[in-house]
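Below: the structure, in structure tokens.
Numbering (UniProt numbering), first residue to last: 1 to 450.
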């Protein structure tokens, strides 16, 4: 929708009485770079948990406090720490391969977007709690968490887009509109699920029954034990980190994996080129039985495919609004007074032809292997930007880089109806749904149980 609006009206479009969507790629650095002076608007507040002493990193509007609180947990989300926990992701990759191998014995197409979301949720379970939730094992929505998010996120997105004075009415409407009421119940469901996971670990620690688990939850407890008083980081803050993982840890990554695989299936030349790269690396002994992160990043065409898939389909498809700072600012050739709400949508700017070429609407991984790659990288916005870059970015990249080459090394994937466009639901998360594919074990390099 926003792409069509900008195509019709240009790079500056008023989308609310005091909010402007900007389609100029240069606006990314102007608005979102660290110390730009542009602060988050109240758009984000409906995502905030009401029970936290401090706002979470995503909804904290105070830049100074956000930086202070994020520094406390930054190391837990660092790529070096995620790599130390990589064997946890390996378990989920292996489980997914085993389940897809079972599906490959049947001729009917399966919903791979669903499998990718089950995989992403189980990775969160392994990384945070040293156990999969059971999505992959049972091949179902364990605990109803995905259904809860599917109810909750559209409701929150509507509340975010509503003027602040109308938000209480949106909440009150829950008593009268069944779907809204279900969304409010879903919010409580997510809160209870995250609290239960923390409480289980806390009981084990207090009873002395906890083994030396090395997972993200244990890292948060260690921060609480070693620096809790100094940093004012207690059990509520631990719960807040887990709550954030439940809300944002699966939909976004699953959407990215689905987008990359979908566009590969629709682009046979790219699919063939990538499988050749993976096969050659495997035959040269460069890939482990379960492909490791450092091995995957050594596959240049694969990385190009990932960047291209996320460029065409960023997992969040809305503007990320900020307030213009004191004194006003020039953006995209226009002057905006202080207090104006402005924002950039990754789904718009990442198809800008002045940056990505006249074929910006097409899936062309080769663009990332040319001399303009570093320039284009500066305008990629799928994880946000500046000090507000998604704190879970490294988790997401680790999941993506490990599972896709493993998948293509093991199976042949094909869309049963490649002429049909996929379906997506964009309520904050830009979520692909019902992406069906036939799955067959490859004759060359086919899957073998490990």
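Even glycine gets a Cβ: it sits at the ideal position worked out from N, Cα and C.
- The C-beta distance from residue 25 to residue 379 rounds to 4 Å, short enough to meet the 8 Å contact threshold.
- Leaving aside the five residues that flank residue 440 on each side, the residues in its chain whose CB is nearer than 7 Å to its CB run, in chain order, 104, 411 and 412.
- Residue 194 is not a Cβ neighbour of residue 128, given a cutoff of 7 Å.
- For residue 168, the enclosing alpha helix (DSSP H) has its first and last residue at 167–172.
- As the crow flies, the alpha-carbon of residue 42 is around 50 Å from that of residue 106.
- The Cβ-Cβ distance between residue 365 and residue 305 falls below 7 Å.
- Note that the region 256–264 touches the region 308–321; at least 3 beta-carbon pairs, one per stretch, sit closer than 8 Å.
- In the DSSP annotation of this structure, the continuous segment of the alpha helix (DSSP H) that includes residue 32 starts and ends at 27–32.
- Taking the C-beta atoms as reference points, residue 109 is found no nearer than 7 Å to residue 155.
- Nearest neighbour of residue 363 by Cα position, chosen from 312, 423 and 228, turns out to be 312.
- By the CB criterion at 7 Å, residue 360 and residue 314 fall outside the cutoff.
- Under the DSSP assignment, residue 311 falls in the alpha helix (DSSP H) whose first and last residues are 300–312.
- Taking 7 Å as the cut-off, the beta carbon of residue 72 is found closer than this to the beta carbon of residue 233.
- When beta bridges are read from the DSSP output, residue 188 appears opposite no residue.
- With a cutoff of 7 Å on beta-carbon distance, residue 429 and residue 251 are scored as near each other.
- Collapsing the DSSP output to three states places residue 330 in a strand.
- By the C-beta density criterion, residue 377 is exposed, having fewer than 16 other C-beta atoms within 10 angstroms.
- The residue from 438, 238 and 158 with its alpha-carbon nearest to that of residue 179 is 158.
- Closest by C-alpha distance to residue 115, out of 131, 23 and 135, is 135.
- In this structure residue 329 is not in contact with residue 89, their Cβ atoms being roughly 42 Å apart against a cut-off of 8 Å.
- Sequence-distant Cβ neighbours of residue 205 in its own chain, meaning closer than 7 Å and more than five residues away, are 221.
- The count of Cβ pairs closer than 8 Å, one atom from the region 74–87 and one from the region 42–60, stays below three, leaving the stretches out of contact.
- When the five nearest sequence neighbours on each side are left out, the beta carbons in the same chain lying within less than 7 Å of the beta carbon of residue 393 are those of 383, in order along the chain.
- By the neighbour-count definition (other C-beta atoms within 10 Å, threshold 16), residue 215 is a buried residue.
- Contact annotation: the region 316–323 touches the region 27–44, with at least three C-beta pairs closer than 8 Å.
- DSSP, read as helix, strand or coil, puts residue 436 in strand.
- The three-state secondary structure of residue 53, taken from DSSP, is coil.
- Taking each of 438, 258, 326 and 401 in turn and checking the Cα distance to residue 424, the smallest one comes out for 258.
- For residue 46, the closest alpha carbon among the candidates 149, 167 and 11 is that of 167.
- Our two residues, residue 87 and residue 293, have alpha carbons roughly 11 Å apart in a direct line.
- Bridge pairing for residue 428: absent [DSSP].
- In the DSSP secondary-structure assignment, residue 138 is not bridged to any residue.
- When DSSP states are grouped into helix, strand and coil, residue 40 belongs to the strand group.
- By the neighbour-count criterion, in which a residue is buried when 16 or more other Cβ atoms sit within 10 angstroms of its Cβ, residue 6 is buried.
- Across the structure, residue 203 and residue 213 are spaced so that their CA atoms are roughly 14 Å apart.
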